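S.K.: The opening residue of the sequence shown carries number 1053 in this note's numbering; numbering runs sequentially from there.
Note that beta-carbon positions come from the ideal geometry of N, C-alpha and C, so glycine has one too.
Note that the structure is a prediction, hence the values are computed from the model and not measured.
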Amino acid sequence: MQTQRTSRQVLAAIGNQEAGRPAMLRDHLDFSAILDVEALRAECEALTLKHPPKSDALRSALLVTLKKASSEGREKAKQIFLQEGGGLNCAYRISWLQDQLIATLYGFVIAHIQPLKPDDIAVSAVGGYGRDTLAPGSDIDLLFLFPPKPTDAMRKAVEFMLYILWDMGFKVGHSSRTIEECIRLSKEDMTIRTAILETRYICGAAALVKELESRFDKEVTAGTGPEFIAAKLAERDTRHRKAGDTRYLVEPNVKEGKGGLRDLHTLFWIAKYYYHVRDAADLVKLGVLSKQELSLFLKSEDFLWAVRCHMHFLTGKSEERLSFDIQREIAEALGYHSRPGLSAVERFMKHYFLVAKDVGDLTRIFCAALEEQQAKATPGLTGMISRFAHRSRKIPGTIEFVEDRGRIALANPDVFKKDPVSIIRLFHVADIHGLEFHPDALRRLTRSFSLIDNALRENEEANRLFLSILTSPRDPALILRRMNEAGVLGRFIPEFGKIVSMMQFNMYHHYTVDEHLLRTVEVLSEIEKGRADDIHPLITKLMPGIEDRETLYVAVLLHDIAKGRQEDHSIAGARVCRKLAPRFGLNPKQTEMVVWLVEEHLTMSMVAQTRDLNDRKTITDFAERVQSLDRLKMLLVLTVCDIRAVGPGVWNGWKGQLLRTLYYETELLLAGGFSEVSRKERAKAAAEDLYNALDDWSQKDRKTYSKLHYQPYLLSVPLEDQVRHAAFIREADKAGKALATMVRTHSFHAITEITVLSPDHPRLLAVIAGACAAAGANIADAQIFTTSDGRALDTILVNREFPNDEDEMRRAATIGKMIEDVLSGAKRLPEVIATRTKNRKKNRAFVIPPSAVISNTLSNKFSVVEVECLDRPGLLSEITAVLSDLSLDIHSARITTFGEKVIDTFYVTDLVGQKLVNENKRANVIARLKAVMSEQEDEVRARMPSGIIAPMVVRSAPVAKKTKSDA
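(1) By the 10 Å Cβ neighbour count, where 16 or more other Cβ atoms means buried, how is N1506 classified, buried or exposed?
(2) Classify P1811 as helix, strand or coil using the three-state DSSP reduction.
(3) Flag this pair as yes or no: are the beta carbons of R1683 and M1645 separated by less than 9 Å?
(4) Mind checking whether K1469 and S1444 have CB atoms under 9 Å apart?
(5) Take L1927 as the anchor and find which of S1911, N1908, V1916 and E1952 has the nearest alpha-carbon.
(6) Just tell me which of V1775, L1910, S1929 and D1269 has its CA closest to the CA of P1882.
(7) Give me the residue from T1670, L1767 and V1650 with the minimum Cα distance to L1569.
(8) Where are the alpha helix (DSSP H) runs, 4 residues long or more, that stay fully inside the segment 1842-1910, in chain order?
(9) Could you name the residues of the same chain whose beta carbon sits closer than 8 Å to that of A1624, not counting the 5 residues immediately before and after it, in chain order?
(10) What does the alpha-carbon distance come out to for the pair E1920 and E1547?
(11) Could you tell me which of R1980, L1845, K1879 and F1854 sits nearest to S1903, measuring between CA atoms?
(12) Is it buried or exposed for Y1215, if we count other Cβ within 10 angstroms and need 16 for buried?
(13) Could you tell me whether the Cβ atoms of L1149 and I1086 are closer together than 9 Å?
(14) Going straight from the alpha carbon of K1307 to that of D1191, what length do you get?
(15) Which two residues bound the contiguous alpha helix (DSSP H) that contains I1248?
(16) Taking only three categories from DSSP, how would you classify K1446?
(17) Work out the CA separation of L1249 and A1584 for me, nearest whole Å.
(18) Using a Cβ-Cβ cut-off of 6 Å (strictly less than) and excluding sequence neighbours within five positions of L1910, which residues of its own chain qualify?
(19) Quick check on A2019: does DSSP put it in helix, strand or coil?
(20) Given this structure, state the Cα-to-Cα distance separating L1092 from K1550, to the nearest angstrom.
(21) Evaluate Q1763 with the Cβ neighbour count: other Cβ atoms within 10 Å of its Cβ, from every protein chain shown; 16 or more gives buried, anything less gives exposed.
(22) Output the distance between the C-alpha atoms of M1436 and D1492, rounded to the nearest integer angstrom.
(23) Can you tell me whether N1305 is helix, strand or coil according to DSSP?
(24) By a C-beta neighbour count over all protein chains shown, 10 Å radius and 16 as the cutoff for buried, is I1781 buried or exposed?
(25) Tell me the DSSP secondary structure of Q1709 in three-state form.
(26) Mind checking who Y1959 pairs with in its DSSP beta bridge?
(27) Beta-carbon separation of T1117 and S1147 under 9 Å?
(28) Let's see if you can read the secondary structure: which residues bound the alpha helix (DSSP H) around L1356?
(29) Run the CB neighbour count on F1376, radius 10 Å, all protein chains shown included, and call it buried at 16 or more, exposed below.
(30) Quick one: what's got a C-beta closer than 7 Å to H1292's C-beta in the same chain, skipping five residues either side?
(31) Can you tell me the Cβ-Cβ gap for A1784 and L1809, rounded? I've got them flagged as a contact below 8 Å.
(32) Report buried or exposed for I1695, applying the criterion of at least 16 other Cβ atoms within 10 angstroms of its Cβ.
(33) Suppose the cutoff is 7 Å on Cβ atoms and the five residues either side in sequence are ignored; what does the same chain contact list for L1963 look like?
(34) Cα-Cα, which of T1273, A1421, D1841 and A1274 is closest to H1761?
(35) Starting from A1113, trace the alpha helix (DSSP H) in both directions and tell me its first and last residue.
(36) Going straight from the alpha carbon of V1224 to that of R1288, what length do you get?
Here it is as structure tokens:
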């Protein structure tokens, strides 16, 4: 009985102490629905009557009781969150629940497991948990504070608590230290210093926590503010670089990314350390933030917490990346609805990016106040010397601005009010003199947004300055990005403002629309300076010949200006440009060129990637749309910049080759030199070049292997690849191989190339594509050629998986072996594909209605079948198998992947070489293709060939005969 009395007294003492600090932020919440603390403690106490003291049975029963309380409490917190919303409130509730569980556990342990006095040790929260907030899947960071001479019983009590918490399924970060150790380690390690800065008492010896806080303020923070600030800001910059250094990634990290929760935490750490505040509201009293800015701070924090809590609840884990898989569900949970031009998920993500931008604004305002405060606080001679050394200097040619340590600052606080054009001039002067921006100048700019009105937008000088910034020979993208981050660009150009922070819900575009446009300008500037000669040799050569830079830069900046509207963004964008270009000071001729470029900005990319460039009709149709060499050059440059700015890994050498081929063929036609003779002459010259390149071969082999190819191959494959192919074919012939594969990888292009030599067959592409799918390779592109001796030489480009070349080459060799095994009949395709896709998780994040179109006007000789649908492993194999089953001969194919969407184009004829003119036949083809794209059962799959190897043909020199590929 004595033990029970002691236990009740201990639990009462714990209950009377506050579990957690005085919670200013959470005292408006009612936690009673989440957990009945007294009932839990009584239930735990009752366990001691049923089980022997310190027994395994007692421990197991305690674990079950606490786990049940935790699970039910979190579920109740989740239900309240789903009904009421409020991200911060959810984080407070879960934090409060965790406090009560830990306090109850601590009371039980010191009463029944390792008898101690309630105030022998202190249990405190640190890190994010120390801020009184806890996400559903977050780690629990605890600091156990010991007196100067801790006993074994104290250490064993902590150990027991930790094992119970781990067995409950929590990830617990912990440390057990004396106050002296905390102070010493805080001075040595900035991470530990930050953690202890956020120490919050949970239970036990409150006096120990108070002593730590007092000594920390006196011995650690005093006089070290600038050092801590510099360390935290440097840490933030490093974190941003790791996360992609932009707040506009379409799958952002809500916790660690730019404009995420960690950025807000960094501000509060600095505020707490430097200003000694415990609540963000105190920053208003100190004049650091205005009331509106504090409101923005709290709204941003609450929104980000709401998103984060939804992410953790949805995934059941500590998921911090807002991936496509969960964006749609979170948008629905937060109550977003679709609007014309923007889906619910796109509206949600736009709000997210606007909040991330607000966090950036708050960071700048906060840093300006800090710098001002530090300057005032530097005392005596040191301060005087510092102010003398860092005094502002005049900037030549301007009286509105001065230079302060490499940063542009305002000469006086009323600069913008006196002349609103100075808002644009600020960025122009910064560009000319290569200056960064003083935080105070940006803060005053933020507070002068009302001055950016229609009068300023129509001001001739303001537009002249803007055009000068856009076409700057220095770093236009950097200044434009600063304008955008400061909120000026979207206000000066309201049409641009509409696409700020707008994301497109697909896997192709890596950035928001505004960030994509700025990156497009960045790529153009890089090309113009000659820094991309190795990647873009053709346009680097063309750029100096483009005299009208202004037109090109305006078109590049505005090409996606009308995204998010109901109508085609190219047509709507052209209409916007007709209004904006004259405003910027462009003449009628320049305006018409900008309008045309924006309206046609997708044309060259789509023709190059989805049409057969060896089909003359492709070139003549494209030339009719372009009409002049000037347009062709500018459109090529715009197309390259657009693709390059979509995201890393989107541009590759294969796309470059396609665009160059389209450019050269169209240039020849526009210049009046396009004819069958010219084409034949160029093909003949290419064959001669191949012959000459094989100069170390025997005369017989040079003739044999330089005459193997038709015009399409000679005119579209680079000479170095032709030489590689010739050696590959000769090696296969000498070894007597009917089929062979060759692999190589391009780390720079993130692509791996597999070349297949095989007897030609109508279903060859279906088999190769199926073998790739079975080996887990996703085809990005395919080149299909037929040699003059009836063999197929197909080059398949698959997405690279490994960063290391050796690993990727091993993978490519495995894929090549799979292709050979399937073609030779060693493996049967349906079985290997079924094994590969059995446990495949379907991509449910995206919905793309299957589309199939057959056109007889895009080519003089072939029907062009174009399919568009959601990509998946094995899709190409299934589509090509259907085409073969329908007795269609595939002459060429373009396989193009745009993120999760695939657009495949096939140039086909029937078995007698004619187009598909019968309407019923076309309807049947479309119906069968749509069935396959929708993953409906198709009898074709059951009849896919297991192998198609023909006997080896013993050849003399190839006979020059025309086949299907001689188009």
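M.R.: Per the coordinate set shown:
(1) What you label residue 1506 is simply residue 454 of the sequence shown in a count that begins at 1. It counts as exposed.
(2) In the sequence shown, counting from the first residue as 1, residue 1811 sits at position 759. Correct three-state label for P1811: strand.
(3) Along the sequence shown, read from residue 1 onward, the residue named residue 1683 stands at position 631. Along the sequence shown, read from residue 1 onward, the residue named residue 1645 stands at position 593. At the C-beta level, R1683 and M1645 come within 9 Å of one another.
(4) As a working note, residue 1469 is residue 417 in the sequence shown. As a working note, residue 1444 is residue 392 in the sequence shown. No, Cβ-Cβ distance for K1469 and S1444 is not below 9 Å.
(5) As a first step, residue 1927 is located in the sequence shown; it is residue number 875 there, counting from the start. Of the candidates S1911, N1908, V1916 and E1952, the one whose C-alpha sits nearest the C-alpha of L1927 is E1952.
(6) For the purposes of this step, residue 1882 is taken as the residue at position 830 of the sequence shown. Of the listed residues, the one whose Cα sits closest to P1882 is S1929.
(7) Counting from 1 along the sequence shown, the entry for residue 1569 is found at position 517. Closest option to L1569, Cα to Cα, is V1650.
(8) 1857-1876 and 1881-1889
(9) Position 572 of the sequence shown, counting from 1, holds the residue named residue 1624. Here the set comprises A1614 and R1617.
(10) Here the question's residue 1920 lines up with position 868 in the sequence shown. Here the question's residue 1547 lines up with position 495 in the sequence shown. If you take the alpha carbons of E1920 and E1547, they lie about 31 Å apart.
(11) Here residue 1903 corresponds to residue number 851 of the sequence shown, with the count starting at 1. Residue R1980 is the option with its Cα nearest to S1903.
(12) Numbered from its first residue, the sequence shown carries residue 1215 at position 163. Within a 10 Å sphere around the beta-carbon of Y1215 sit fewer than 16 other beta-carbons, which makes this residue exposed.
(13) As a first step, residue 1149 is located in the sequence shown; it is residue number 97 there, counting from the start. As a first step, residue 1086 is located in the sequence shown; it is residue number 34 there, counting from the start. Yes, Cβ-Cβ distance for L1149 and I1086 is below 9 Å.
(14) The residue given as residue 1307 occupies position 255 in the sequence shown. The residue given as residue 1191 occupies position 139 in the sequence shown. Straight-line measurement puts the Cα of D1191 at about 13 Å from the Cα of K1307.
(15) Within the sequence shown, the letter at position 196 stands for residue 1248. It spans M1242 to L1249 - the alpha helix (DSSP H) in which I1248 sits, taken as one unbroken run.
(16) The residue you call residue 1446 lines up with position 394 of the sequence shown. K1446 falls in the strand class under three-state DSSP.
(17) Position 532 of the sequence shown holds residue 1584. Position 197 of the sequence shown holds residue 1249. Cα to Cα, A1584 sits roughly 48 Å from L1249.
(18) Reading the sequence shown from its first residue, position 858 is the one you call residue 1910. Excluding residues within five positions, the ones whose Cβ falls inside 6 Å are V1916.
(19) Along the sequence shown, read from residue 1 onward, the residue named residue 2019 stands at position 967. With a pLDDT of only 36 at A2019, under the threshold of 50, the placement of this residue in the model should not be trusted, and no figure is reported.
(20) In the sequence shown, the residue the question calls residue 1092 occupies position 40. In the sequence shown, the residue the question calls residue 1550 occupies position 498. Taking the straight line from one Cα to the other gives about 53 Å.
(21) The count along the sequence shown starts at 1 and reaches residue 1763 at position 711. Classification of Q1763: buried, given that the 10 Å Cβ count is 16 or more.
(22) Start at 1 with the first residue of the sequence shown, and residue 1436 comes out as number 384. Start at 1 with the first residue of the sequence shown, and residue 1492 comes out as number 440. Residue confidence for M1436 is low, a pLDDT of 37 falling below 50, so the modelled location carries little weight; the figure read from the coordinates is stated next. The straight-line gap from Cα to Cα measures roughly 21 Å.
(23) Here residue 1305 corresponds to residue number 253 of the sequence shown, with the count starting at 1. DSSP places N1305 in strand when its eight states are reduced to three.
(24) Counting from one through the sequence shown, the residue named residue 1781 turns up at place 729. Per the 10 Å Cβ criterion, buried.
(25) One-based indexing of the sequence shown puts residue 1709 at position 657. Under the three-state reduction of DSSP output, Q1709 falls in the helix class.
(26) Locating residue 1959 in the sequence shown gives position 907, counting from the first residue. According to DSSP, Y1959 shares a beta bridge with V1916 and S1944.
(27) The residue labelled residue 1117 in the question sits at position 65 within the sequence shown. The residue labelled residue 1147 in the question sits at position 95 within the sequence shown. No, these two residues do not count as a Cβ contact at 9 Å.
(28) Stepping through the sequence shown from its first residue, residue 1356 is reached at position 304. Element bounds for L1356: K1343 to T1367.
(29) On the sequence shown, residue 1376 is found 324 positions in, with the first residue counted as 1. Answer is buried; the Cβ neighbour count reaches 16.
(30) Translated into positions along the sequence shown, residue 1292 becomes position 240. Taken in chain order, the residues that qualify are K1310.
(31) The count along the sequence shown starts at 1 and reaches residue 1784 at position 732. The count along the sequence shown starts at 1 and reaches residue 1809 at position 757. At roughly 6 Å, the Cβ-Cβ gap stays under 8 Å, so A1784 and L1809 are in contact.
(32) As a working note, residue 1695 is residue 643 in the sequence shown. Counting Cβ neighbours within 10 Å, I1695 comes out buried, since at least 16 surround it.
(33) As a working note, residue 1963 is residue 911 in the sequence shown. The beta carbon of L1963 sits closer than 7 Å to those of S1939 and D1941, all from its chain and outside the five residues before and after it, given in chain order.
(34) Position 709 of the sequence shown holds residue 1761. Answer by Cα proximity: D1841.
(35) For the purposes of this step, residue 1113 is taken as residue 61 along the sequence shown, with counting starting at 1. It spans D1108 to E1136 - the alpha helix (DSSP H) in which A1113 sits, taken as one unbroken run.
(36) Position 172 of the sequence shown, counted from the start, is the residue given in the question as residue 1224. Position 236 of the sequence shown, counted from the start, is the residue given in the question as residue 1288. Their Cα atoms are separated by approximately 24 Å.
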